[in-house]
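Student: One structure is given below, represented as structure tokens, and several questions about it will come after.
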Amino acid sequence: MRSTLVLATTAVLLGAGLVAAPVATAAVVDTNASYVLVNRNSGKALDVYDLSTAENAPIAQWTRNDGAWQQWQFVDSGSGYYRLRSRHSGKVLDFADTADRTRLVQTTDANRTGQQFRLADSPDGHVRLVNRASGKAVDVLDFSTADGAQVIQWPDTGGTNQQWQLVKLGARTFTNPIKRNGPDPWLQYHNGYYHLATTTWNSTITMRRSRTLAGLASAPDQVVFTLTGRPNGCCNMWAPEFHLLGGRWYLYYVAGQNVPDYNPTQRLHVLESAGADPMGPYTFKADLGSTWELDPSILQHNGKLYLMGSAMDGTQSLTITPLSNPYTISGPRRTISQPTLSWERQTGAVNEGAEPLYRNGRTMIVYSASACWGPDYKLGLLTLTGSDPLNRAHWTKSPDPVFQRNDAHGVFAPGHNGFFKSPDGTEDWIVYHANDSAGGGCDMNRSTRAQKFTWNADGTPNFGTPVPLGVALPAPSGEPAS
């Protein structure tokens, strides 16, 4: 009798154009994996519109490309409900209210019911995403098949425009090195691409880019600027870094006249991009100083900019200079660290390659110490424990190195690093160069390597030990599948 009643009730619902919505049995999600959600009606993927990372940015459908903006992680909310977190922005899918046609957006994860969805079975392994707050389904407006079509909520009808295929993406890996012959690397992830620049030791500044970290190994070097003919720096281009400041990229580098390595003519210089593309085009903007100095980088603190470098102050030391804008020096250069500890003086007494690192309101500098032409080149740490970056007394040096050679892994002289975030913004990564043997020198044979790092309980970085070459490592979180 009960079975007959259930069947009759189901028939009435079907006749009214509604479909019962049981919890999915076919779709068992892996909360550690990334998924692309493909709409059955259009064949297009659920997509963060215009690659936005902003709060309340709209969600649309778009031709599938498996970019991080089309990758979603299921986060368990309990009772059969999940939040869908974007691998691109770190935000989750959300309906702001329960009304029909409310547009699907991304917001900061607060585990609200409007951010929670259950998976309801549909034919052929497809699912519907039913919102916990409204009881309505994620729906492509008006059965559209167009790129950019709105995604809304609508009563759960079971239409093909409410059905989604969950495509689980395979785990990506990469191996070091990510660039052979790549000393002094600087790497940034921007607008769906990794961008990498390294020392060239000639009159060109080059950059390569790739959708994946592994792809950098075979990506072509593209010339973004030629130094030929510049009177104060035609040649010997070293240590390029590009920083996005005020909507433009500023590319800082070292170059001098056409004389041998470590010559007295090396100076700091800066280029300015025409727009927001790290690849340029660039124009020359300024010479930064008139004396020997290496390894430029930019420190930002309390809304002010500072140029960091390495210059002679009895020994090769870390320097900092105030800037009024990204290309104008506004005060005298100061020394903030000298190679005073024994591990900073192996083969040669050197402090260089200062790189900023920020976390939870803390400002730090990770720098290279000892001679780059010996196997004991390594990284040290300064922490701003006062308020004035120009005051040497306001910096505290860690007593021990934070990253150094690993003979068991065949990694020597690791140093001159940079930092970047994974595509989804959830992981911290270090990029650096190293040699394959203890006899390696300070030359173009150094190769670019990368690895993920974590944080110690005291708020300092934990870089671990340098990983060996050729070992498959998990790619940064949120990388596209192709």
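Residue numbers -26 to -1, 1 to 456, in mature numbering (1 follows the signal peptide of the UniProt record, and there is no 0), belong to the letters of the sequence shown in order. Cβ coordinates follow ideal geometry from the N, Cα and C atoms, glycine included.
Can you check the segment 276 to 300 for any alpha helix (DSSP H) of at least 4 residues that lies completely inside it and give the ranges in chain order?
Tutor: none
Student: Report back the beta-carbon spacing between residue 58 and residue 46 to the nearest angstrom; my notes put them in contact at under 8 Å.
Tutor: About 5 Å; that satisfies the 8 Å criterion.
Student: Does the segment 22 to 42 come within contact of the segment 62 to 80, defined as at least 3 CB pairs closer than 8 Å?
Tutor: yes
Student: Would you report the Cα separation of residue 104 and residue 111, rounded to the nearest angstrom?
Tutor: 4 Å
Student: Figure out for me which residue from 411, 141, 210 and 132 has the closest Cα to the Cα of residue 383.
Tutor: 411
Student: Taking 6 Å as the limit between beta carbons, can you name the residues of its chain near residue 452, skipping five residues before and five after?
Tutor: 42, 61, 396, 397 and 398
Student: Taking contact to mean 3 or more Cβ pairs, one atom from each stretch, closer than 8 Å, check whether the segment 348 to 358 and the segment 421 to 438 are in contact.
Tutor: Cβ pair count under 8 Å is three or more, so yes.
Student: Could you say if the segment 147 to 154 and the segment 412 to 422 meet the contact criterion of at least three C-beta pairs nearer than 8 Å?
Tutor: yes
Student: Who are residue 358's beta bridge partners in DSSP?
Tutor: 369
Student: If you check the beta carbons only, do residue 185 and residue 203 fall under 8 Å apart?
Tutor: No, the Cβ-Cβ distance between residue 185 and residue 203 is not below 8 Å.
Student: Please report the distance separating the alpha-carbon of residue 168 from that of residue 217.
Tutor: If I take the Cα positions, the gap works out to 14 Å.
Student: What do you get for residue 429, buried or exposed, if any count of 16 or more other CB atoms within 10 angstroms of its CB means buried?
Tutor: exposed
Student: Go ahead and label residue 172 buried or exposed: buried means 16 or more other beta carbons lie within 10 angstroms of its beta carbon, across all protein chains shown.
Tutor: buried
Student: In or out: residue -5 buried (at least 16 other Cβ within 10 Å) or exposed?
Tutor: Any reading at residue -5 must be qualified, since the residue scores a pLDDT of 37, below 50, and its modelled position is unreliable; the value itself is stated next. Exposed.
Student: Give me the Cα-Cα distance between residue -1 and residue 56, rounded to the nearest whole angstrom.
Tutor: Here the model assigns residue -1 a pLDDT of 38, short of 50, so the residue's position is not dependable, and the following value carries that caveat. So the two alpha carbons sit approximately 16 Å from each other.
Student: Terminal residues of the continuous beta strand (DSSP E) containing residue 112?
Tutor: 111 to 114
Student: Under the assumption that residue 206 contacts residue 241 (Cβ atoms under 8 Å), give the Cβ distance between them as a whole number of angstroms.
Tutor: 6 Å
Student: With distance defined between alpha-carbon atoms, name the residue in 297, 193, 141 and 179 nearest to residue 256.
Tutor: 179
Student: With DSSP run on the structure shown, which of helix, strand or coil describes residue 43?
Tutor: In the three-state reduction of the DSSP assignment, residue 43 falls in the helix class.
Student: Could you tell me the distance, in whole angstroms, from the CA atom of residue 50 to the CA atom of residue 12?
Tutor: 21 Å
Student: Assuming residue 35 contacts residue 123 (C-beta within less than 8 Å), just tell me the rounded distance between them.
Tutor: Right, the Cβ-Cβ distance comes to about 5 Å (below 8 Å), so this counts as a contact.
Student: Following the continuous beta strand (DSSP E) through residue 209, name the residue where it begins and the one where it ends.
Tutor: 209 to 219
Student: Can you give me the Cβ contacts of residue 108 inside the same chain, cut-off strictly under 7 Å, excluding the 5 residues immediately before and after it?
Tutor: 69, 72 and 127
Student: DSSP three-state call for residue 243: helix, strand or coil?
Tutor: strand
Student: Could you tell me the distance, in whole angstroms, from the CA atom of residue 303 to the CA atom of residue 262?
Tutor: 7 Å
Student: Using the three-state DSSP reduction, which class does residue 54 fall into: helix, strand or coil?
Tutor: In this structure, residue 54 counts as coil in the three-state DSSP scheme.
Student: Could you check which residue in 341, 402, 211 and 164 has the C-alpha nearest to that of residue 25?
Tutor: It is 164 whose Cα lies nearest to the Cα of residue 25.
Student: In angstroms, rounded to a whole number, what distance separates the CA positions of residue 377 and residue 386?
Tutor: 11 Å
Student: Tell me which same chain residues have a C-beta within less than 6 Å of the C-beta of residue 14, skipping the five on either side of it?
Tutor: Excluding residues within five positions, the ones whose Cβ falls inside 6 Å are 100, 134 and 137.
Student: In whole angstroms, give me the CA-to-CA distance for residue 295 and residue 7.
Tutor: 45 Å
Student: Mind pulling the beta strand (DSSP E) runs of 3 or more residues that sit fully within the segment 84 to 131?
Tutor: Annotation note: the segment 84 to 131 contains the following uninterrupted beta strand (DSSP E) runs of length 3 or greater, listed N- to C-terminal: 91 to 95, 101 to 105, 111 to 114 and 125 to 128.
Student: Between residue 285 and residue 307, is the Cβ-Cβ spacing less than 8 Å?
Tutor: yes
Student: With H, G and I counted as helix, E and B as strand and the rest as coil, what does DSSP make of residue 316?
Tutor: Residue state for residue 316 is assigned as helix, using DSSP reduced to three classes.
Student: Apply the 10 Å Cβ neighbour rule to residue 324 and answer buried if 16 or more other Cβ atoms are within range, or exposed otherwise.
Tutor: buried
Student: Out of curiosity, what's the CA-to-CA distance linking residue 106 and residue 119?
Tutor: Near 27 Å, if we compare the C-alpha coordinates of residue 119 and residue 106.
Student: Considering only C-alpha positions, which residue in the set 393, 342, 381 and 388 is nearest to residue 371?
Tutor: 342
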